[in-house]
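Under mature numbering (1 follows the signal peptide of the UniProt record, and there is no 0), residues -21 to -1, 1 to 85 are what the sequence shown spells out, in order.
Ideal Cβ placement from N, Cα and C applies to all residues, glycine included.
Notes follow the structure.
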Amino acid sequence: MKITLLVTLIFGVLFMTALSAAEKTLTPQQQRMTLCNQQAKAQNLGGDARKSYMSDCLKSTKTEPGQKSLTPQQQRMRECNAQATQQSLKGDDRSKFMSACLKKAA
């Protein structure tokens, strides 16, 4: 009985640890890496061209020429705003949606 309880407790702790690890948000650098990687894939870059592009992209403070870099919060705001527009939300419905959407990111 004690062994069963102990084993159950250990698996519970391991499960909770795995869940908390999965819920971690990406750091701004990790988000930048993901964005640069997606852009390199979209351009079908490979080999040295990809390495050069990734290096420049990660060093760059701008995502594209003439476009300023957005903070993670600004990016999330842009995504939530686009979703609200796509759903044609207006007034209080839009405010509630935006509030809930932005809280998911935190």
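From this set, the options, which residue's C-alpha is nearest residue i's C-alpha?
i	options	result
GLN53	ASP72, MET77 and ALA21	MET77
PRO51	GLN18, GLY25, LEU(-13) and MET12	MET12
GLU58	ILE(-12), LYS83 and SER31	LYS83
Rounded to whole angstroms, what is the Cα-Cα separation between residue i and residue j?
i	j	result
THR4	THR(-18)	35 Å
SER74	VAL(-15)	47 Å
SER39	GLN8	12 Å
ALA79	GLN18	29 Å
ILE(-12)	LYS(-20)	12 Å
ALA61	LEU81	12 Å
LEU24	GLN10	20 Å
THR42	ALA63	In this predicted model, THR42 has a pLDDT of only 47, less than 50, meaning its place in the structure is not dependable enough to derive any value.
LEU(-8)	ASP27	42 Å
ALA34	GLN22	Inspection of the sequence shows that residue 34 is occupied by Ser rather than by Ala. Each residue's Cα considered, the two are about 15 Å apart.
LYS30	ARG55	28 Å
Buried or exposed for residue i, going by 16 or more other Cβ atoms inside 10 Å?
i	result
GLN65	exposed
PRO44	Reliability fails at PRO44, whose pLDDT of 45 lies under 50, so the model's placement of it is uncertain and no value is given.
Apart from the five residues just before and just after residue i, which ones in its own chain have a Cβ nearer than 8 Å to its Cβ?
i	result
MET(-6)	none
Please work out which residues of its chain come closer than 6 Å, Cβ to Cβ, to residue i, disregarding the five sequence neighbours upstream and downstream, and give them in chain order.
i	result
CYS36	CYS15
Just reading off the alpha helix (DSSP H) that residue i is part of, what are its end residues?
i	result
SER34	26 to 38
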